[in-house]
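Each remark here refers to the structure printed beneath this line.
Numbering (my numbering), first residue to last: 50 to 678.
Shown next as structure tokens:
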């Protein structure tokens with residue numbers, strides 16, 4: 050066990066935030082902490098790391114346990130370069146390396162016993178560095194920075210000149226490199242594009258120590274965690290499995306609780322009717338029996354009514370005015386600022402499409418949206434809206450709500466011609482039912498305000514919704530409600546989002562913006578991933594073939610070179626043999642010219658036959674030489 054929380058309680062003033070929070074985390078656990086906005090998730094993290102005090106309860110962490118805590122409150126030296134800031138993680142190792150250099154210099158000076166002591170210290174430090182994989186920290190820093198979306202040019206920028214999102218990524222990279230025994234991550238996927246989130250997933254999957262994560266990214270949690278701790282109504286409940294397992298178990302538990310609640314309400318109503326009837330007899334014995342039943346009712350432990358479930362609301366919103374079939378046509382679109390943003394982008398959107406626009410941070414997604422809305426100029430190309438298309442735009446920062454009004458009044462004042470029933474039905478889509486509709490907007494959470502703003506847009510004349518990061522700052526319940534609203538919306542929608550779970554549940558088309566092309570995938574996020582994997586396989590096969598062809602070319606070249614050398618050697622050998630035989634033939638001719646030979650028939654015949662034989666061999670060698678040369 051690496052972390053144990055027992056009966057943790059925390060209040061701010063009269064507001065109780067946490068009560069009876071109890072759980073354990075073991076050394077290799079991967080745990081998600083979930084709950085609606087304001088449930089106390091970040092408060093619990095701050096209590097664990099000692100940033101704020103608890104009111105009561107116990108937190109047990111083994112001695113010498115290294116805790117890493119990543120939050121939106123950054124702890125960076127803004128005067129450092131990006132690379133140098135991450136280098137501070139390895140300051141102890143760098144000092145050890147300096148120590149090794151010093152010892153190497155001393156080895157050249159000292160002798161005998163002093164030298165032996167220096168060598169012993171040198172070996173000790175070298176062994177430590179080797180066993181802890183400490184020599185590759187430069188490549189590890191580069192790998193983490195690139196994984197989090199930084200270019201090599203970014204490595205050497207001062208932190209103070211970075212954007213807020215970039216600074217957050219630097220802080221995340223720093224904590225990842227520290228490799229603590231338990232890593233507490235508060236919304237680690239904020240400010241990351243999809244590619245960087247995928248990299249972070251792979252990094253954390255291979256992380257050998259404990260993880261404790263707050264995140265609203267359900268796709269991310271599904272990939273990483275094996276346990277979910279939910280904070281709800283100040284209490285904690287533990288579920289084994291990933292996010293989808295938790296959601297299913299939670300749904301079943303709520304259904305059971307709702308059934309128990311309804312049964313209890315039925316029993317209470319029945320008892321109240323009996324009590325009323327007994328009292329109506331107006332006799333002492335009946336009154337006493339009524340009072341006895343009332344006492345039993347008072348002692349009954351009341352079951353709280355479960356919150357509204359998102360999937361209980363299956364209403365759909367339809368635009369007041371239908372668009373034509375062609376909603377948007379974009380042709381050969383280009384945009385530059387001080388640099389080239391994107392070129393030759395073409396695509397179209399049809400009525401009823403639910404389009405997810407994805408791409409790397411800084412590629413121009415928001416710029417493209419602004420060009421569609423005529424808020425940013427076009428350099429080249431064209432953007433055409435179809436007939437009867439009315440745009441409705443939403444982002445988390447531009448909700449245009451009157452905080453002093455109730456939810457109901459905000460809608461009815463904006464659309465005075467709507468009947469009360471129509472307003473209630475529209476709000477029910479976003480799970481505002483019963484007396485909830487009379488809550489003041491100023492009392493709502495960020496997610497609830499976002500839902501009211503979306504309801505306003507969907508009730509407008511708009512039939513083409515453009516949503517910029519609609520799930521940002523939404524808790525999971527609000528995200529699920531938004532998903533249902535988008536899925537059941539009969540108009541057209543394009544949105545920018547890094548929330549892969551949201552994309553998977555709502556998109557009928559995924560468009561990936563790159564510098565020179567819009568890649569279009571006619572399906573949801575899983576379909577997009579499948580097609581990307583197919584492309585990678587094809588690309589790898591092409592590369593493998595090219596490598597194989599190159600290997601074949603190299604092999605053929607080497608074989609040809611070997612053959613040429615072999616041929617050259619054979620020619621040299623033949624020429625040497627020819628030279629030897631010609632020398633022997635010359636010797637035979639010289640012998641035949643001697644008097645003692647030509648006057649001796651036997652001797653001259655022997656030499657002549659030898660010479661004839663040599664000449665035959667010479668002719669054969671000449672033929673071979675000609676064939677090779």
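From the three backbone atoms N, C-alpha and C, an ideal C-beta is built for every residue, glycine too.
Could you spell out where the beta strand (DSSP E) holding residue i opens and where it closes?
| i | result |
| --- | --- |
| residue 133 | Looking at the DSSP string, residue 133 is not in any beta strand (DSSP E); the run it does join, the alpha helix (DSSP H), is 131 to 136. |
| residue 332 | Note, residue 332: premise wrong, no beta strand (DSSP E); not H, not E. |
| residue 382 | 375 to 385 |
| residue 67 | 64 to 74 |
| residue 230 | Element bounds for residue 230: n/a, residue is neither H nor E. |
| residue 724 | No answer is possible for residue 724: it lies beyond the span of the chain, which begins at 50 and ends at 678. |
| residue 116 | 116 to 119 |
| residue 567 | 567 to 570 |
Going by beta carbon distance, what residues of the same chain come within less than 7 Å of residue i, once the five residues before and after it are set aside?
| i | result |
| --- | --- |
| residue 361 | Because residue 361 sits at a pLDDT of 46, beneath the cut-off of 50, its placement in the model cannot be relied upon, and the following sentence gives the value as read from the coordinates. Closer than 7 Å at the Cβ level, and outside the excluded window around residue 361, lies no residue. |
| residue 86 | 494, 495, 496, 524 |
| residue 255 | none |
| residue 418 | 515, 517, 545 |
| residue 67 | 57, 58, 59, 89, 92, 93, 283 |
| residue 45 | Residue 45 is absent from the structure shown; the chain starts at 50 and stops at 678. |
Identify, in the order they occur along the chain, each residue of the same chain with its Cβ nearer than 8 Å to the Cβ of residue i, setting aside the five sequence neighbours on each side.
| i | result |
| --- | --- |
| residue 729 | Absent from the model: residue 729. The displayed extent of the chain is 50 to 678, so no value can be given. |
| residue 662 | none |
| residue 102 | 96 |
| residue 565 | 391, 392, 393 |
| residue 271 | 291, 292, 293, 550 |
| residue 420 | 382, 384, 426, 427, 432 |
| residue 669 | none |
| residue 437 | 370, 371, 372, 373, 512 |
| residue 126 | 134, 137, 208 |
| residue 104 | 58, 59, 60 |
| residue 644 | none |
| residue 317 | 346, 349 |
| residue 130 | 204, 205, 206, 207, 208 |
| residue 679 | Only positions 50 to 678 of the chain appear in the structure, and residue 679 is not among them; the question remains open. |
| residue 280 | 67, 70, 82, 83, 84, 88, 89, 90, 93 |
| residue 571 | 557, 558 |
In terms of residue numbering, what span does the alpha helix (DSSP H) encompassing residue i cover?
| i | result |
| --- | --- |
| residue 98 | 90 to 98 |
| residue 403 | Here residue 403 belongs to no alpha helix (DSSP H); instead the beta strand (DSSP E) covers 403 to 407. |
| residue 50 | Neither: residue 50 is in no alpha helix (DSSP H) and is coded neither H nor E. |
| residue 160 | Element bounds for residue 160: n/a, residue is neither H nor E. |
| residue 672 | 650 to 677 |
| residue 420 | 414 to 421 |
| residue 214 | 213 to 227 |
| residue 196 | 186 to 196 |
| residue 204 | 201 to 204 |
Using a Cβ-Cβ distance cut-off of 7 Å, determine whether residue i contacts chain D.
| i | result |
| --- | --- |
| residue 379 | Protein chains in the displayed structure number just one, and chain D is not present. |
Going along the chain, which residues of its own chain have a beta-carbon closer than 6 Å to the beta-carbon of residue i, five neighbours each way excluded?
| i | result |
| --- | --- |
| residue 64 | none |
| residue 441 | 506, 509, 511, 514 |
| residue 298 | 288 |
| residue 479 | 500, 504, 530 |
| residue 486 | 456, 457, 476 |
| residue 266 | 238 |
| residue 375 | 435 |
| residue 250 | 272 |
| residue 573 | 553, 556 |
| residue 197 | 218, 222, 245 |
Could you tell me which residues DSSP puts in a beta bridge with residue i?
| i | result |
| --- | --- |
| residue 139 | Paired residue(s): none; residue 139 is not in a bridge. |
| residue 429 | 383 |
| residue 81 | 262, 277 |
| residue 54 | 72, 108 |
| residue 60 | 65 |
| residue 489 | 455 |
Check: What are the uninterrupted segments assigned as alpha helix (DSSP H) that are 4 or more residues long and contained completely in the segment 440 to 469, given in chain order?
Finding: Runs found: 456 to 463.
Check: Hey, which unbroken runs of the beta strand (DSSP E) at 3 residues or more fall wholly within the segment 234 to 308?
Finding: Annotation: the segment 234 to 308 contains the following complete segments of the beta strand (DSSP E) (minimum length 3 residues), in chain order: 259 to 263, 276 to 281, 284 to 289.
Next item on the list: Output the residue ranges of the beta strand (DSSP E) runs that lie fully inside the segment 505 to 565 and measure 3 residues or longer, sorted by chain position.
Entry: Listed in chain order, they are 513 to 517, 541 to 545, 558 to 562.
Notebook entry, point to check: Would the segment 71 to 88 and the segment 276 to 287 be scored as touching if the rule is three or more Cβ pairs under 8 Å?
Noted result: With a cut-off of 8 Å, the segment 276 to 287 and the segment 71 to 88 count as touching, because enough Cβ pairs lie within range.
Next item on the list: Could you tell me whether the segment 454 to 466 touches the segment 51 to 63, where touching means 3 or more Cβ pairs closer than 8 Å?
Entry: Touching, no.
Notebook entry, point to check: At what residue ranges does the segment 602 to 630 contain a whole run of the beta strand (DSSP E), taking only runs of 3 or more?
Noted result: Complete beta strand (DSSP E) runs here, min 3: none at all.
Note to self: Quick test of the definition: if touching needs 3 or more C-beta pairs under 8 Å, does the segment 190 to 200 touch the segment 145 to 162?
What the structure shows: Verdict: no, contact absent.
Checklist line | Stretch pair the segment 118 to 135 + the segment 230 to 239: three plus CB contacts closer than 8 Å | finding: Yes, the segment 118 to 135 is in contact with the segment 230 to 239.
Check: Three or more beta-carbon pairs under 8 Å between the segment 578 to 585 and the segment 404 to 418, yes or no?
Finding: Segments in contact, no.
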